[in-house]
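Protein sequence lines correspond, in order, to chains A and B. Per the numbering used here, the first sequence runs over residues 182 to 535. Per the numbering used here, the second sequence runs over residues 182 to 535. Glycine included, C-beta positions come from ideal geometry on N, C-alpha and C. First comes the structure, then the notes that go with it.
Protein chains: 2
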Amino acid sequence: MKITAVIMAGGKGERFWPKSRESHPKQFLSLTDDGETMIQKTVSRISPLVQAEDIFIVTNACYKHLVIEQLPDIPQENVLAEPCGRNTAPCIAFATAVIKKKYGNAVMLVLPSDHLIKYENIYTRTLCNAIVTATEDNNLVTIGITPTYPETGYGYINFGEESGNAYKVERFVEKPDLRTAKKYLSSGKYLWNSGMFVWQVSAIEERFRTLMPEVFAGAEKIGQSFGTERFEKTLETEYNKFSSESVDFGIMEKSENIYTIPGSFGWDDVGNWLAIERINETDDNQNYIEGDVITENCRRTTICAGKRLISAIGIEDIIIVDTDDAVLVCSKNNTQDVKKIIARLRENNRTELI
Amino acid sequence: MKITAVIMAGGKGERFWPKSRESHPKQFLSLTDDGETMIQKTVSRISPLVQAEDIFIVTNACYKHLVIEQLPDIPQENVLAEPCGRNTAPCIAFATAVIKKKYGNAVMLVLPSDHLIKYENIYTRTLCNAIVTATEDNNLVTIGITPTYPETGYGYINFGEESGNAYKVERFVEKPDLRTAKKYLSSGKYLWNSGMFVWQVSAIEERFRTLMPEVFAGAEKIGQSFGTERFEKTLETEYNKFSSESVDFGIMEKSENIYTIPGSFGWDDVGNWLAIERINETDDNQNYIEGDVITENCRRTTICAGKRLISAIGIEDIIIVDTDDAVLVCSKNNTQDVKKIIARLRENNRTELI
Chain A
182 MKITAVIMAG GKGERFWPKS RESHPKQFLS LTDDGETMIQ KTVSRISPLV QAEDIFIVTN
242 ACYKHLVIEQ LPDIPQENVL AEPCGRNTAP CIAFATAVIK KKYGNAVMLV LPSDHLIKYE
302 NIYTRTLCNA IVTATEDNNL VTIGITPTYP ETGYGYINFG EESGNAYKVE RFVEKPDLRT
362 AKKYLSSGKY LWNSGMFVWQ VSAIEERFRT LMPEVFAGAE KIGQSFGTER FEKTLETEYN
422 KFSSESVDFG IMEKSENIYT IPGSFGWDDV GNWLAIERIN ETDDNQNYIE GDVITENCRR
482 TTICAGKRLI SAIGIEDIII VDTDDAVLVC SKNNTQDVKK IIARLRENNR TELI
Chain B
182 MKITAVIMAG GKGERFWPKS RESHPKQFLS LTDDGETMIQ KTVSRISPLV QAEDIFIVTN
242 ACYKHLVIEQ LPDIPQENVL AEPCGRNTAP CIAFATAVIK KKYGNAVMLV LPSDHLIKYE
302 NIYTRTLCNA IVTATEDNNL VTIGITPTYP ETGYGYINFG EESGNAYKVE RFVEKPDLRT
362 AKKYLSSGKY LWNSGMFVWQ VSAIEERFRT LMPEVFAGAE KIGQSFGTER FEKTLETEYN
422 KFSSESVDFG IMEKSENIYT IPGSFGWDDV GNWLAIERIN ETDDNQNYIE GDVITENCRR
482 TTICAGKRLI SAIGIEDIII VDTDDAVLVC SKNNTQDVKK IIARLRENNR TELI
């Protein structure tokens with residue numbers, strides 16, 4: 182059976198402003214010193230398992246040109262442009278319908294476009310196990326990340342008995358408070374929900390039919406029109422009818438036969454500027470320095486220069502990012518407030534900076 | 182007797198980098214929100230006492246165009262361009278010789294070009310008293326600032342008995358340590374040495390003749406050539422022969438009949454970036470904000486935007502300065518280290534940034 186991949190690349194990602202912009206979100210940025218963008222890494226990471234013509238990128242129409250530019254090896258017809266964002270459930274239903282039209286049944290690896298993985302061989306082996314589990318039956322498989330600390334920013338997967346090379350999922354739980362997160366961590370029965378899924382077209386299609394019939398019906402029409410001159414029109418019409426829903430809430434939390442494979446491959450969701458020092462080398466004073474920077478007596482800073490010199494003196498635990506039209510100087514304790522800056526720019530109609 | 186002013190504007194002022202550059206030092210910058218430059222303020226401040234054609238600006242040849250541009254009312258022949266910097270003694274001897282050539286004897290107010298004064302009426306009255314004291318006899322008068330805290334960065338003037346509207350200077354003392362500075366402050370017998378002087382041409386000339394004969398001789402030649410075609414040539418030759426010396430060390434500390442007038446007119450030498458919050462209005466969180474800036478949860482910051490937006494989040498006691506080619510982010514505890522950045526730029530021959 183064909184092994185295909187669906188890479189979800191519709192995110193707007195405000196958390197890396199000012200480097201990320203609405204017109205150029207995180208998945209199209211390079212946040213590591215090797216210059217590769219997040220989505221380029223995502224694609225090259227799965228190349229041991231999936232060939233380029235079987236990789237499908239679902240993104241917003243406004244980002245289609247970036248995908249084509251950054252991923253020249255992916256056939257342009259595989260770049261599936263959403264007319265509007267409707268969260269992950271419609272996105273996956275759309276891709277499923279297209280893959281069904283092309284190949285009938287197939288294995289689908291459904292992956293975010295903006296995460297990092299440190300140990301790619303372990304990642305590949307984990308996906309292999311997931312593929313096996315997904316082909317054994319109409320199972321839905323989610324990759325769970327073995328937690329390394331009590332993170333309160335992720336959802337968790339509570340798993341039960343082992344079955345083959347996977348574990349039965351008991352339930353999905355929302356972002357916990359710290360106390361609960363610590364309980365989860367020590368129990369050894371919880372994994373981070375990474376949003377990576379593996380299943381057959383037939384398996385996920387069946388779930389959509391029963392759990393999200395409108396989305397199923399719309400996606401069917403889109404799939405049937407794929408490759409015809411009706412496609413654009415149908416896509417536009419059907420997509421706008423979809424209501425926003427995540428696949429986690431719409432399908433996973435309501436389905437039977439959900440399995441998880443625990444992965445320990447150095448996963449990082451690169452959630453905000455704090456991630457940069459985690460995913461890159463830092464100097465003796467734990468500073469991460471990029472570009473034309475002079476530091477004097479600085480510690481634990483993250484400094485990304487643009488076209489100009491940045492000189493930093495005597496500062497600690499601060500993030501500095503320079504771009505052509507905006508400079509960010511942010512305490513590491515306040516990275517979540519970058520969104521507030523964007524909100525204020527929006528209030529003042531300074532869209533050129535968003 | 183004519184009242185003239187000599188404004189010393191030869192300083193390079195590295196401490197306001199990146200806003201100040203070798204080609205555009207502090208005295209030619211506006212560091213207050215009214216947009217007036219330091220030297221423009223210095224000139225308008227003395228206009229109640231001295232008319233424009235009697236104001237002489239001594240500066241380095243490379244800054245002559247800035248003086249002419251910023252002070253159009255000053256006759257261009259009054260802009261005295263030093264071929265090279267030789268500290269204040271040769272600078273004053275040069276100006277003295279020129280004023281002597283023009284007016285014979287006269288009163289000279291000798292003033293730095295890059296200080297701020299808050300209470301200009303008190304300042305004017307203080308200078309008036311100094312003028313009276315200087316004309317009574319061949320006295321040298323220095324304006325002392327009544328100290329308001331135990332500053333260790335200034336030299337002090339120890340004064341003795343009152344005489345007329347001035348006090349006899351006992352001695353000049355170097356920058357003290359904190360303990361000594363506290364003693365000075367509580368004694369009530371010490372003033373800050375502001376580097377502002379008042380005397381007659383005849384009085385300072387006499388001191389140069391006896392205490393710095395080479396400088397006197399060279400300045401004489403320069404003065405005699407002033408207004409002739411020999412001037413440029415003579416100036417070049419004689420000035421290069423001068424050795425660098427401050428008027429404090431070369432004259433004041435060695436002379437008799439030195440008087441001081443205590444001044445309490447809100448003097449600020451605007452020594453480094455820390456001064457900006459002192460000399461400008463700050464907001465409710467004690468931030469000083471200039472230009473296109475968005476702050477979230479910041480306290481006691483000084484932020485000067487250039488052509489770009491600066492957004493600052495969750496930071497305290499930090500100075501941020503943006504220019505076209507360099508950004509400075511500096512802890513308020515490390516403003517003296519701005520010089521280190523310039524030193525490192527010099528090491529790397531990055532003169533375009535200095």
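query, result
"Span of the alpha helix (DSSP H), counted from its first residue to its last, around alanine 126 of chain A", "Nothing about residue 126 of chain A can be reported from this structure: the residues present for chain A run from 182 to 535 only."
"8 Å contact criterion, which asparagine 461 of chain B and threonine 213 of chain B should meet: CB distance rounded", "6 Å"
"Contacts of isoleucine 585 of chain B in chain A (Cβ-Cβ under 8 Å)", "There is no way to answer for residue 585 of chain B, as the model of chain B reaches only from 182 to 535."
"Alpha-carbon to alpha-carbon, glycine 191 of chain B and proline 206 of chain A", "50 Å"
"Range covered by the alpha helix (DSSP H) that runs through threonine 185 of chain B", "First-last for threonine 185 of chain B: 184 to 189, but that is the beta strand (DSSP E), not the alpha helix (DSSP H)."
"Short CB-CB distance (under 8 Å) between arginine 196 of chain B and chain A", "no"
"Whole-angstrom C-beta distance between glycine 408 of chain A and isoleucine 298 of chain A, which should lie under 8 Å", "Actually they are not in contact, since the Cβ atoms of isoleucine 298 of chain A and glycine 408 of chain A sit about 33 Å apart, beyond 8 Å."
"Selection from B:Asn421, B:Glu477, B:Ser368 and B:Leu366 that minimises the alpha carbon distance to cysteine 265 of chain B", "B:Asn421"
"Alpha carbon of alanine 362 of chain A to alpha carbon of isoleucine 326 of chain A, nearest angstrom", "14 Å"
"Rounded Cβ spacing between aspartate 473 of chain B and alanine 486 of chain B (contact assumed at less than 8 Å)", "5 Å"
"Pick from B:Ala398, B:Val428 and B:Tyr330 that is closest to phenylalanine 353 of chain B, judged by C-alpha positions", "B:Val428"
"Span of the beta strand (DSSP E) around lysine 349 of chain A", "347 to 354"
"Min CB distance serine 211 of chain B to chain A below 8 Å", "no"
"Separation of valine 510 of chain B from leucine 217 of chain B, as counted between CA atoms", "Residue identity differs from the one stated: residue 217 of chain B is glutamate in this sequence, not leucine. Going from the Cα of glutamate 217 of chain B to the Cα of valine 510 of chain B covers about 25 Å."
"Partner residues on chain A for serine 424 of chain B, Cβ-Cβ distance less than 9 Å", "In chain order: nothing, as chain A lies at least about 33 Å away."
"Interface residues of chain A facing asparagine 514 of chain B [CB-CB closer than 7 Å]", "Gly495"
"Threonine 185 of chain B and valine 231 of chain B closer than 8 Å at C-beta", "yes"
"Any C-beta of chain A under 8 Å from that of valine 260 of chain B", "no"
"Proximity test, Cβ basis, 8 Å: cysteine 265 of chain B and chain A", "no"
"Amino acids of chain B, ordered along the chain, whose beta-carbon sits closer than 7 Å to that of cysteine 511 of chain A", "Ile494 and Gly495"
"Three-state class that DSSP yields for threonine 323 of chain B in the structure shown", "strand"
"Among A:Pro331, A:Asp318, A:Asn339 and A:Thr314, the one whose alpha carbon lies nearest that of cysteine 347 of chain A", "Looking at the sequence shown, residue 347 of chain A is not cysteine but alanine. Per the Cα distances, A:Thr314."
"Contact the stretch 284 to 300 of chain B vs the stretch 326 to 346 of chain B: 3+ CB pairs below 8 Å", "no"
"Alpha carbon of lysine 281 of chain B to alpha carbon of isoleucine 385 of chain B, nearest angstrom", "11 Å"
"Which of helix, strand or coil DSSP assigns to threonine 213 of chain B", "coil"
"Interface residues of chain B facing alanine 507 of chain A [CB-CB closer than 8 Å]", "Arg489, Leu490, Ile491 and Ser492"
"For glycine 495 of chain B, the residue or residues it bridges with in DSSP", "Answer is none; glycine 495 of chain B lacks a bridge partner."
"Spatial neighbours of glutamate 351 of chain B in its chain, beta-carbon cut-off 7 Å, leaving aside the 5 residues before and after", "Asn339, Phe340 and Gly341"
"Where asparagine 241 of chain B falls, given that 16 or more other Cβ within 10 Å makes a residue buried", "buried"
"Chain-ordered neighbours of isoleucine 501 of chain A on chain B, where CB pairs are closer than 7 Å", "Val510"
"Nearest to tryptophan 380 of chain A (by Cα), restricted to the options A:Leu321, A:Glu317, A:Glu458 and A:Glu434", "A:Leu321"
"Cβ of leucine 534 of chain B within 8 Å of any chain A Cβ", "yes"
"Isoleucine 303 of chain B (DSSP reduced to helix, strand or coil)", "helix"
"Start-to-end residues for the alpha helix (DSSP H) that takes in threonine 269 of chain B", "269 to 284"
"Opening and closing residue of the beta strand (DSSP E) in which asparagine 339 of chain B lies", "337 to 344"
"Isoleucine 432 of chain A and methionine 393 of chain A closer than 8 Å at C-beta", "yes"
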